[in-house]
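Sequence order for the protein chains is W and R. Number 71 in my numbering belongs to position 70 of the first sequence; there are no gaps in the numbering. Number 1138 in my numbering belongs to position 865 of the second sequence; there are no gaps in the numbering. Glycine residues also receive a C-beta, built at the ideal position from the N, C-alpha and C atoms. These numbers come from a predicted model, not from an experiment. Below is one structure, written out as structure tokens, with a few remarks after it.
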Amino acid sequence: MTNDRSEILQGTLDLMVLKTLEAMGPLHGYGLARRIEQLSEEVLRVNQGTIYASLVRLLQKGWISAEWGASENNRKAKFYSITRRGRKQLTAEAENWERVSGVIGRLLNLSER
Amino acid sequence: MFGWLRIQSSRLHGLLTRRGIDRDFECELEAHLALLVDENLRGGMTPEEALRAARMRLGGLTQLRETHRALYGLPWLEALAQDIQYGLRMLRMKPGFTAVAVVTLALGIGANTAIFSVIDAALLRPLPYDRPEQLVEISTLHLNGNGMVIAPDFKVWREQSGVLDSVGAFGAGWNSYSRGANLTGTGEPAHVEVHSITPGFFKMLGVRPILGREFGPDEGRAGHNQVALLSAAVWRREFGGDRNVLNKTIHLDGMPFTVVGVMPAGLLYPPGDLWVPAVLDASNSLPQSASWPMLFVIGRLKPEMSLAKARADLEVVTHRLDSQFSAGRQKGRSRWHVEVIPLRQLLAGDVGHLLVILLIAVGFVLLIACANLANLLLARAAARRKEVALRAALGARRGRLVRQFLVESALLAALGGALGALIGIWAVRAMTQLIPPQLPNDVGLDARILAFVIGISACAVMLFGLIPALSASRVDVSEALKEGGERAGLGRGTHRLRGLLVIAETALALILLTGAGLLARSVYRLTEVDLGFDPHHLLLGETTLPVTLVDQPQRQANFFHEALDHLRALPGVESAAATTHPPVSVFNSLTAGVLVSGGPVPEPGDDAGRAGSVGTSVFSQVISTADVSPGIFSTLGIPLRAGRFFNEQDADNSRKVVILNEAAVRRIFAGRDAVGHEISMDGAKGPWREVVGVVADTRNYTLEREPWPEIYVPYEQDPTLVMFFVLRSKGDPMALVGSLRRSVASVDPNEPVARMETMDEHVENLVAPSRFKLELLGSFAVLALLLGAIGLYGVISYGVSERTHEIGVRMALGAERGNVLKLVMGHGFRLTVIGVGLGVVGALAMTRYLSSLLFGVRPTDPLTFIAVSAVLMAVALLASYLPARRATQIDPMVALRYE
């Protein structure tokens, strides 16, 4: 796997995790993975485990925080929630994303014509 | 940047708390898995199926753990630690290689550290005064390298200049006659050096007494000046460090002084064991005064004041005084310049130039050491090609391979640097005499030197490590692995690179050797200088009469007369004489204007334009005068050229006479016959003195300088307080030391004889600094030569071992041993010739910077160049002969089987 591709994938996944946490509030790893699977309509089907790499990265950047809690089946699980800095980052990223996807969309439409 | 730091610190934290994090992650994965299993069970799977499906959804547990772990570590740090471990193992496995590399590097770094320590002490470390960058020396006239100033100029600067915060001065002695004094009132009488100093001088420097106080302004007035400041050394030596010394009365040449303070230890400037106030008043510091004290002037510039601005301002202020001087002086003064130099420059002198030359020399040594190491590493890289190829095949990226090699080089540099610092600290002790005496010479490891060592080691890694690393990591995996490993030698490019390194080493070594060769020739020339007198079997000793006798010239003359009578009568003494200025020494007194009776009056400053620099143009007008006893010429062995020598009839009450040396005849009489003419050194009023003789020139100032014009006066016609006795011995002059002292004491028991030495010693001491420079540069050059030879040896020997097969074939086909020898040595010879050629060009370009250190030899001296090239060629041939001889002993059968 080359670096470039993995970076784009990582970035996309990180953004999805942030957005999900913002929308849903605190979630544990399983919950997050399920939610992203549903949202992406199984398009972005990856091993659920990959979510943890993303979570570590976001934790290290200080965009999310983690807390131990009890899961639905009463197991010890880590719950993640978005931080203030994370929200700020998400706004910035989202704008950036829209701009880039707009440009790319126009570009693709153009070439189709 | 901050984001990067936060991530790195969080990772570092993770590295340190890894176990807890691993446990947490296990726990988290378990919870996740359990939730997936629950989901699958709800979907109707059997427990086994549910677990298996859950594992698949989550992904490979081992891989997840690895990824997680990697995110929580510092991968580069761990890889580096791995590289270091691996590198250390490699170095341990090849102890011979490691030792050679480390020692080579340590020699290079050690030499640099030592020279840098001297530079640090002489040029970089701040002077031990308050805000030293503002302190300057101000002078109007340069003499013997020291700028001395007449009192009127000092006073006008102090009173009228706007560029100085404060200014102070000290005299060459404590009165107009001497700086030596007999200190009594402390028990044993002691000879001390005393200087007069203006009140406030130490305050200006920012140096406070450790006891008592400095002189107050009042104490600079006649009648109030019987006070003294002690140096810490004298306080300890003569007063046992007694704190009750304050307000005690001591005696200098019998005159009472009250001790008012003690200065701190380690005060190397201004000079002196003891200081008394300088009295500058209407009697001695107005332009109209009959004579003026000569002073050294130190000033503190106002903050932000530039040297140029200060110079300009002081120049204007100085020339404001001109019109107040007598007409005869005005003309000379109009050409005076004011020089303002930083105090650092005064104290360090021109040592900076020498140090830069030495720094370049040790820089070359280090470059050669690095080239050698690069060569060794290149050869080793060839031997490790298989290992590298294997690692590349297993997925190591090129960057990682380069890093591995660089880490090994850095380890070598670290070891070499540590050992080099030790060598440097040891070696610098032999070099402290390079540090000017007025500067603190405690050399040791300080932060600056440590930084230098680390910096230079890092540079060395870049120099010797990068090329082999890049070359070694550029492997064609399949080729290297296919080729059967060990025999796969270096590529053509690498061979050429190694050749280039050897050429560079040879060229650098040749440049250093040439420099050392030129210095060696200079030292030889210096010892071969025709002194103009016979220096062997001569003993010198200085006697200073107490200043209280200053107004009794008859008693002064009587003392020396009587002492000479005693000395002449000594067994073992062939002849005895006295002079105020022995040959090859600093002038005792100089006169600026000599008048010739009836002739044109020579204008002081007439030949101001003749000499090159500002410093010597003033100097070039002045003529040395010496008071001598009649027998001085025969005692020293100076031949007569015209007229007659002095004799006992040239006494106080007879006609006043002088003898000139030939240089003085050239200067004053333009080479015409001088005998019979009358001259005056003291203006038109005289006394007029008849020239009765002309004697041959001597090297009267330094060994290097051409003979200087000198006028000799019989001491009985111009008595003086300080004279040197000169004894010509029948046997060993040192045998006369005791009897010289006793004879003088028999005239006056209070008169010691100071500075006793033979003329041979005196001359040798003058050669010693040049000899020392030669020894330093010479040892660096020899080091360079040895390292260069080792480098060449390494390349040729490796070439031989690589060509064993080829040589075997040639010999099997009937090549003679001589042919093989020629084949192998030819390679070394070619490299050396190119190196010598480049080195000669480099040396031609560089040796002119040595000019100021050379004497009697041009920087392009062909003989030196040829000799040095020959030496280098000989060493190079030997270095390639050894491996070549090994090549001739190759057994063709063995070599061919080697395949």
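Within 9 Å of any Cβ in chain R, is that where the Cβ of E68/W sits?
no
Give the C-beta separation of A694/R and T386/R to the nearest angstrom, bearing in mind that I take them to be a contact with Cβ-Cβ under 8 Å.
6 Å
Between A742/R and the rest of its own chain, which residues show a CB-CB distance below 6 Å, the 5 nearest in sequence each way excluded?
V675, F678 and L679
Buried or exposed for W430/R, please, with buried defined as at least 16 other CB atoms from any protein chain shown within 10 angstroms of its CB.
buried
Scan the stretch 50-65 of chain W for residues whose Cβ lies nearer than 8 Å to a Cβ of chain R and list them as they occur along the chain.
G50, T51, Y53, A54, V57, R58, L60, Q61, K62 and G63
Note down, in chain order, all residues in the stretch 76-107 of chain W with a beta-carbon under 9 Å from any beta-carbon belonging to chain R.
R76, K77, A78 and K79
Is it the case that the Cβ atoms of T993/R and N934/R are separated by a distance below 9 Å?
no
So, L863/R versus S953/R, is the Cβ gap smaller than 9 Å?
no
Which chain A residues are close to N74/W, counting only those with a beta carbon under 7 Å from its beta carbon?
Going by chain labels, chain A is absent from the structure shown, which instead holds the protein chains W and R.
Assigned secondary structure, E977/R (DSSP; H/G/I helix, E/B strand, else coil)
coil
C-alpha gap between A1143/R and L1150/R, whole angstroms
10 Å
Would you say H29/W touches the ligand NAP, meaning its beta carbon is less than 8 Å from a heavy atom?
The model depicted lacks the ligand NAP and carries no ligand whatsoever.
Under 7 Å from the C-beta of G30/W: neighbouring residues of chain R
E301 and H305
According to DSSP, is A1168/R helix, strand or coil?
helix
Please confirm whether T340/R has its beta-carbon closer than 9 Å to some beta-carbon of chain W.
yes
Can you tell me which residues form a DSSP beta bridge with R464/R?
Note that residue 464/R corresponds to His in the displayed sequence, not to Arg. Looking at the DSSP assignment, H464/R forms a beta bridge with N455/R.
Taking its Cβ as the centre, do 16 or more other Cβ atoms sit within 10 Å of P710/R, making it buried, or is it exposed?
exposed
In the DSSP assignment, what residue or residues form a beta bridge with T898/R?
S862/R and I984/R
Considering only their Cβ atoms, is the gap separating V1130/R from S795/R smaller than 9 Å?
yes
Cα separation between G332/R and S282/R?
29 Å
Taking only three categories from DSSP, how would you classify L416/R?
Per-residue confidence for L416/R stands at a pLDDT of 43, beneath the threshold of 50, marking its modelled position as unreliable; no derived number is given.
So, is the C-beta of A34/W closer than 9 Å to a C-beta in chain R?
yes
Could you check what DSSP says for H1035/R in three-state terms: helix, strand or coil?
helix
Is the stretch 591-609 of chain R in contact with the stretch 450-468 of chain R, if contact means three or more CB pairs nearer than 8 Å?
no
Given this structure, state the Cα-to-Cα distance separating P980/R from F860/R, to the nearest angstrom.
12 Å
Which value, in whole angstroms, describes the spacing of the CA atoms of W961/R and I984/R?
13 Å
Please report the Cβ distance between I280/R and K62/W, rounded to the nearest whole angstrom; I am assuming they are in contact, meaning their Cβ atoms lie under 8 Å.
7 Å
Who are the near neighbours of D5/W in its chain, counting only those whose CB is closer than 6 Å to its CB and skipping five residues on each side?
Interpretation of D5/W is limited by its pLDDT of 42, a score under 50 that renders its predicted location unreliable; no figure is taken from the coordinates.
At the 9 Å Cβ level, is N110/W part of the contact set with chain R, yes or no?
no
Are the C-beta atoms of R279/R and some chain W residue less than 9 Å apart?
yes
Other residues of its chain near V734/R: CB distance less than 6 Å, five sequence neighbours each side excluded:
S682, A683 and A686
Compare the beta carbon distance of Q825/R and D925/R with 9 Å and say whether it is the shorter of the two.
no
Enumerate in chain order the residues of its own chain whose CB-to-CB distance from E99/W is below 7 Å, with the five nearest sequence positions on each side excluded.
none
Inspect the beta-carbon positions of V901/R and V995/R and report whether they are closer than 9 Å.
no
Figure out for me which residue from I896/R, Y1122/R, R510/R and V930/R has the closest Cα to the Cα of P903/R.
V930/R
Where does the unbroken alpha helix (DSSP H) through A1176/R begin, and where does it stop?
As displayed, chain R neither begins before 274 nor continues past 1172, which places residue 1176/R out of reach and without an answer.
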